[in-house]
Amino acid sequence: MSAIDFLLINLQMVLVLGLSPLIVGVIRRVKAHLQCRHGASVFQPYADLAKLFRKEPVISTTASWIFPATPYILFSSTLAASLLVPTIIAPMPLNFAGNIIALVYLLALGTFFLMLAGLDAGSAFGGMGSSREAIVASLTEPALILSLFAVALTAGSANISAIVYKTAILQGIVLDPPPHLMALVALFIITLAETGRVPVDNPATHLELTMIHEAMILEYSGRYLALVEWAAGMKLMIFLTLLANIFAPWGIATTLSPSALGLGLLVFVGKVVGLAVVVGVFECMFAKLRLFRVTELLGAAFILSLLALVFFYILRV
Amino acid sequence: MPTLPINLGSYLVNLCSALLLLTCFAIVAQRRLMACVDLFALQSVFLAVTATLVAYLTGIHHIYLAAVLTIAIKAVILPRILKKIVRQLNVQREVSMYVNIPTGLLICGGLVILAFFITQPIVHLGFLLTQDSLAIALAIVLIGFFIMVSRLKAVTQVIGFLVIENGLFLAATAAAYGMPLIVELGIFFDVLVAGLIVGIYTHQIQEAFGSVDTSRLKALKE
Amino acid sequence: MIWPIILLIATPFLIGVSGLVVRHRQTLDVLHCVQAGIMVVSSLLLVDEVSVSGPVSFFYFLHVDAISAWFDLVIGIVAGTGTLYAVGYVGEQYDRGHVSLKRFRQFFMLFDLYLGVMLLAVNVENLGIMWIAIEGATLSAALLIGFERSKGALEAGWKFVILSSVGIALALFGTILVYYSSEQLLGITEEALHWAKLHEVGDQLDPSVMKIAFLFILVGYGTKAGLVPMHTWLPDAHGEAPTPVSAMLSANMLTMAIYAILRFKILTDQSVGTEFTGPLLLGFGFFSVALSSIVLLLQEDFKRLLAFSSIEHIGIALIGFGLGGLGVFGGLWHLLNHALAKSAAFYGAGLVLITHEHKFIARVPGLLRENPAAGVALFVAGLVLAGMPPFGLFVSELTIAANAMAMAPAISYGFLVVLTVAFATLLFQILRMVLGVPLGTQISTVGPRCRAFSTAAIAVNLGALIFLGLHVPDGLHNLIGAILPFFHAEGEYF
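Chains as they are written, first to last, in the working numbering: chain A, 27 to 343; chain B, 5 to 226; chain C, 9 to 502.
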């Protein structure tokens with residue numbers, strides 16, 4: 027691995043770590059704006075993280091080693107996953123390390139430990155959150171894999187970097203609209219579900235009837251909470267990056283020249299912030315679904331991604 | 005002559021037909037009647053865009069007229085009539101259905117596959133801009149059919165019928181470059197009248213039965 | 009000579025539109041009697057014209073070849089007597105105060121429109137416009153079926169609208185597919201839907217497209233023809249519609265739907281060969297006959313009884329067309345005689361409905377004594393419909409059975425079995441009504457005007473049936489001779 031590769035990896039890491047609180051802040055700001063509130067600054071999540079890191083964590087006496095270990099596992103697995111997704115340059119240096127399946131399961135690893143931790147703390151809410159998360163996760167996982175596969179099939183590779191690279195050098199024309207469109211809609215629904223956004227979960231409430239993600243992390247405090255929150259922000263960022271770069275990789279750098287990288291960075295930030303605004307608007311337009319209805323929404327995502335796959339098999343083979 | 009490259013043109017037509025299909029799925033997954041009507045109007049707008057694209061790419065001018073009529077009749081007039089009916093009837097949601105939503109979506113997925121299998125042997129024959137449009141059109145027809153049989157409320161059954169019409173129009177435009185003008189005008193007229201007649205019927209059924217739940221219409225059987 | 013066809017189609021439209029301005033009941037009656045006369049006379053003249061000097065065209069819009077002329081004959085005569093009967097029947101409702109003058113006028117406007125578009129459908133050159141006309145017939149029929157606005161009528165009307173709309177949408181898809189295939193040969197012009205042009209290039213149409221198209225057409229128009237299993241609207245609509253409308257649905261609309269199927273069958277056969285369409289028609293026809301022959305026995309409502317009998321007879325005709333050869337002659341002859349007999353039976357049933365004000369078979373015995381006009385109509389038409397010699401339906405059923413025996417004995421055996429069942433069940437039900445001793449319950453009397461009009465209508469239909477049973481006019485003989493080559497059928501008939 028050359029020095030440039032090493033540099034790129036570190037750049038990407040810094041980018042993801044540094045940008046993800048901003049994305050969370052943007053979404054909150056958009057929601058506040060649409061709800062006619064003034065709202066906190068978009069940089070508020072940075073201040074929150076800084077504050078949490080300074081506080082002392084409190085751990086329940088019934089908790090086992092899983093509870094303190096989970097934030098680290100979650101944070102590191104999410105960060106690792108984020109390095110598989112190309113952000114500003116298409117062939118990622120680490121692309122040999124894993125493909126779609128690695129990405130999905132790195133994310134699933136974090137979710138799995140978070141569910142365990144929710145149960146581990148011994149509070150009633152944690153268990154409830156975990157069981158709900160299990161329902162949602164078991165429905166989103168297959169849909170996520172299928173929708174990514176549908177795109178992978180048209181690109182002829184299961185490697186995300188390769189998919190993005192191939193789409194990008196085709197001058198921005200995704201040659202196969204129907205499957206891509208369906209996969210896009212499916213992936214958007216999955217994004218909302220996986221990152222605990224409104225029709226599935228409400229990130230802004232601690233109402234026991236509705237919360238899922240917040241219920242699982244209710245017992246966390248101090249730097250543990252900071253890590254979990256940061257990881258959640260990164261996960262959101264990963265999904266938005268996937269949406270932006272798989273379906274619209276315009277502007278991404280395909281060579282190593284500084285100008286291409288600079289343009290790639292600008293375009294990337296623009297796209298992700300834009301998507302964050304869309305998510306924020308979406309959250310304001312729709313009410314949270316009842317838990318039973320969530321299965322209908324996720325079922326729709328699953329069927330759309332299945333169809334995207336089927337489209338490919340029937341028509342293109 | 006069209007200045008758009010034919011590749012990009014067919015890409016756009018394909019994209020629009022895919023959007024039409026997506027709105028079909030949205031209608032299947034939607035319980036609120038008003039939202040169903042809105043989705044139908046949206047679908048008609050996509051249809052009109054497709055027709056405009058085809059007209060532009062092929063240089064067949066009367067398809068523009070069809071696009072305008074689509075907007076006027078299917079995106080404005082009929083949704084208005086339907087919304088008026090929904091408001092009068094005071095039913096906002098469809099609580100019970102013959103098939104629940106996930107199963108319904110799954111069945112619709114199956115219908116799409118079926119449509120592709122049916123049209124597969126014949127897509128290579130036409131002057132198609134895209135190879136998918138005919139199959140998507142048939143899929144929309146079949147899904148409209150499914151909406152009609154799976155829903156209980158008269159209004160959603162009508163939406164199913166109109167979705168079928170949209171599928172047919174997509175077939176006529178994207179696959180056959182539009183029917184002859186006189187035929188197309190006649191079809192529009194018939195659709196409009198059908199919408200009116202169904203409106204009249206819904207009204208009378210509501211008055212006679214006190215509900216638009218068509219599952220109550222079961223006096224006549226063997 | 010072009011005016012018979014113009015008159016035949018234009019009259020109902022013009023007189024229907026005149027209903028907008030004519031506000032006098034008497035004038036409407038007179039106008040409709042004129043319309044009935046023009047329809048019968050011009051359809052006869054048209055048949056004569058076409059059988060003697062070949063097809064008649066009117067610009068590129070109407071094209072009356074032998075097939076169209078045959079269906080003009082069926083629909084024209086029955087529409088004529090139906091108009092006459094409607095004047096009596098709806099007039100009686102008006103006299104009794106069941107309908108207002110406004111509703112009376114509305115009825116006739118819709119009724120004329122309905123007849124007009126059906127006649128248009130069987131004569132237009134363009135298959136797309138044929139679809140539009142058939143859809144027009146569906147929509148006007150939808151309003152006519154729900155005309156009485158009772159719960160039953162609304163339910164039947166709703167079912168009809170929904171099912172027929174779906175059916176007709178499928179038929180449109182089939183039509184689009186035919187166009188899709190033909191524009192490869194004829195270019196993107198209106199001509200690519202003209203039947204005569206299509207017929208010329210029929211053997212070059214792509215077989216796989218035509219196969220799929222024909223399936224859609226068959227299911228689509230088959231819904232309108234009331235083929236099992238798409239028949240569920242039919243008994244309800246026939247049972248609940250005002251009786252003149254029931255008669256027109258049964259005698260004309262089903263026939264029109266068969267016409268549409270036949271046109272596409274000819275095209276498909278040219279491209280694919282009869283091995284494809286034949287078995288399909290046979291299958292649908294056979295199931296229709298089989299189901300209805302049994303269900304006939306279960307009916308307690310005499311209008312529904314006649315409705316199921318229509319399903320049966322349309323099925324028989326379809327078997328004839330499916331067999332090909334002389335079966336085509338059988339099918340055509342069957343359609344003509346069935347239309348005459350079934351409308352006569354409905355006319356009689358309508359009179360019973362007026363006097364007894366209910367539709368129970370079991371509660372109207374002894375009609376021959378109690379209500380002779382209705383009794384005779386039901387009795388004679390019942391005998392015809394059951395397939396008694398010497399009437400036309402006996403001839404056609406015999407031809408079809410004999411043809412089936414020559415081609416595929418197994419079909420023939422099955423056909424004869426279901427036919428026997430249908431014979432027994434229908435005759436049993438009809439005889440329960442017309443024979444026996446009247447219950448002696450209080451019945452209302454029919455007004456003189458209604459009596460006169462309906463007797464006239466019944467007399468024309470029964471007269472035509474008896475005439476056709478005893479003698480085949482040369483014109484019809486020639487016409488059938490001109491139709492058979494379309495189906496590549498030849499042989500000695502009569």
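Glycine included, C-beta positions come from ideal geometry on N, C-alpha and C.
Keep in mind that this is a model prediction, so the values were computed, not measured.
For residue i, I'd like the list of residues in its chain whose CB is within less than 8 Å of its CB, leaving aside the five on either flank, ordered along the chain.
i, result
"leucine 443/C", "Pro373, Gly374 and Leu376"
"valine 190/A", "Pro112, Ala116, Asn271, Ile272, Pro275 and Ile278"
"valine 384/C", "Gly356, Leu376, Ile466 and Leu470"
"leucine 323/A", "Ile215, Ala219, Pro225, Val226 and Leu315"
"valine 336/A", "none"
"leucine 109/B", "Phe29, Val32 and Ala33"
"isoleucine 126/A", "Ile171, Leu174, Phe175, Ala178, Ala184, Asn185 and Ile186"
"leucine 427/C", "Val297, Ser301, Ile324, Gly395, Glu405 and Ala409"
Given residue i, which residues of its chain have a CB within under 6 Å of its CB, disregarding the five upstream and five downstream residues?
i, result
"alanine 79/B", "Ala45, Ser48 and Val49"
"asparagine 4/C", "Residue coverage of chain C in this structure runs from 9 to 502, which leaves residue 4/C outside it and unanswerable."
"valine 445/C", "Gly374"
"valine 516/C", "Residue coverage of chain C in this structure runs from 9 to 502, which leaves residue 516/C outside it and unanswerable."
"alanine 223/B", "none"
"serine 148/C", "Leu118, Leu121 and Tyr122"
"alanine 389/C", "Ala349, Ala352 and Ala353"
Could you list which residues in chain B have their beta carbon closer than 7 Å to that of residue i, in chain order?
i, result
"isoleucine 329/A", "Leu109, Leu110 and Gly113"
"methionine 39/A", "Here the premise fails: no neighbours, minimum Cβ distance about 36 Å."
"leucine 151/C", "Ile201"
"valine 162/A", "Under the 7 Å cutoff, chain B gives no residues; its nearest Cβ is about 15 Å from valine 162/A."
"valine 25/A", "It is not possible to answer for residue 25/A, since the shown part of chain A is limited to 27 through 343."
Under 8 Å between beta-carbons, which chain B residues line up against residue i? List them in chain order, please.
i, result
"threonine 221/A", "What threonine 221/A touches in chain B: nothing, since even the nearest Cβ is about 21 Å away."
"lysine 350/C", "Within chain B, no residue comes near lysine 350/C; the closest Cβ sits about 20 Å away, beyond 8 Å."
Could you tell me which chain A residues have their CB closer than 7 Å to the CB of residue i, listed as they occur along the chain?
i, result
"asparagine 18/B", "Pro203 and Pro204"
"phenylalanine 116/B", "The sequence shown places valine at residue 116/B, rather than the phenylalanine named in the question. Neighbours of valine 116/B on chain A, chain order: Leu333."
"proline 125/B", "Those do not exist, as proline 125/B stays about 12 Å from chain A at its closest Cβ, beyond 7 Å."
Can we count residue i as close to the ligand GTP, meaning its CB is less than 7 Å from some heavy atom?
i, result
"serine 318/C", "For the structure depicted, the ligand GTP is absent and the ligand set is empty, with no information on it obtainable."
Enumerate in chain order the residues of its own chain whose CB-to-CB distance from residue i is below 7 Å, with the five nearest sequence positions on each side excluded.
i, result
"cysteine 40/B", "Ile31, Gln34, Thr160 and Ile163"
"glycine 198/A", "Unreliable positioning characterises glycine 198/A in this predicted model, as indicated by a pLDDT of 46, which lies under 50. The coordinate reading is nonetheless provided below. Around glycine 198/A: Trp276."
"valine 254/A", "Pro97, Leu100, Ile243 and Tyr246"
Within the continuous beta strand (DSSP E) that includes residue i, where are the two ends?
i, result
"valine 64/C", "64-66"
Since residue i meets chain C, which of its residues come closer than 9 Å, beta carbon to beta carbon?
i, result
"tyrosine 102/B", "Near tyrosine 102/B there are no residues of chain C at all, since even the closest Cβ is about 14 Å away, more than 9 Å."
For residue i, go through chain C and note every residue whose CB falls closer than 8 Å to its CB, in chain order.
i, result
"alanine 22/B", "Here the premise fails: no neighbours, minimum Cβ distance about 20 Å."
At what residues does the alpha helix (DSSP H) containing residue i begin and finish?
i, result
"threonine 453/C", "No alpha helix (DSSP H) holds threonine 453/C; DSSP gives it neither H nor E."
"serine 420/C", "417-442"
"cysteine 112/B", "105-123"
"proline 184/B", "Neither: proline 184/B is in no alpha helix (DSSP H) and is coded neither H nor E."
"threonine 62/B", "37-62"
"alanine 357/C", "334-364"
"alanine 212/A", "203-220"
Determine the chain F residues that contact residue i at a beta-carbon separation under 8 Å, and present them in chain order.
i, result
"tyrosine 60/B", "Note that chain F does not occur in the displayed structure, where the protein chains are A, B and C."
Using a cut-off of 9 Å between C-beta atoms, extract the partners of residue i located in chain B.
i, result
"alanine 177/C", "Val145, Gly148, Phe149, Phe165, Ile168, Glu169, Gly171 and Leu172"
What are the residues in the stretch 207-231 of chain C lying within 7 Å of chain B by C-beta distance? Cβ contacts with chain B come from Asp214, Ser216, Val217 and Ile220.
Taking any Cβ of chain B, which residues in the stretch 204-237 of chain A have a Cβ under 9 Å from it, in chain order? Pro204, Pro205, His206, Leu207, Met208 and Val211
Restricting to runs no shorter than 4 residues, where is the alpha helix (DSSP H) found entirely within the stretch 261-336 of chain A? Taken in chain order, the whole alpha helix (DSSP H) runs of length 4 or more contained in the stretch 261-336 of chain A are 284-311.
So within the stretch 12-71 of chain C, which uninterrupted alpha helix (DSSP H) runs reach at least 4 residues, ignoring any that extend past its ends? 33-61
Can you give me, in chain order, the residues of the stretch 191-218 of chain B that have a beta carbon less than 9 Å from any beta carbon in chain A? none
Would you list, in sequence order, the uninterrupted alpha helix (DSSP H) runs of no fewer than 4 residues that lie entirely inside the stretch 97-181 of chain A? Correct list: 126-146 and 150-181.
Quick one: which residues of the stretch 314-328 of chain A get their C-beta closer than 7 Å to a C-beta of chain B? List them in chain order. Taking 7 Å as the Cβ-Cβ cut-off, the stretch 314-328 of chain A approaches chain B at Thr321, Glu322, Gly325 and Ala326, given in chain order.
Which runs of the alpha helix (DSSP H) spanning at least 4 residues fall entirely within the stretch 192-276 of chain C, listed in chain order? 203-208, 215-233, 241-248 and 251-256
Which of the residues in the stretch 154-172 of chain B, read from start to end, lie with their CB under 7 Å from any CB of chain C? Gln161, Phe165, Ile168, Glu169 and Leu172
List in chain order: all unbroken beta strand (DSSP E) runs of 3+ residues lying wholly within the stretch 58-143 of chain C. 64-66 and 70-72
Select from the stretch 22-52 of chain B all residues with a C-beta closer than 8 Å to any C-beta belonging to chain A, and list them in chain order. Ala22, Leu23, Leu25, Leu26, Phe29 and Ala33
Scan the stretch 59-92 of chain B for residues whose Cβ lies nearer than 7 Å to a Cβ of chain A and list them as they occur along the chain. none
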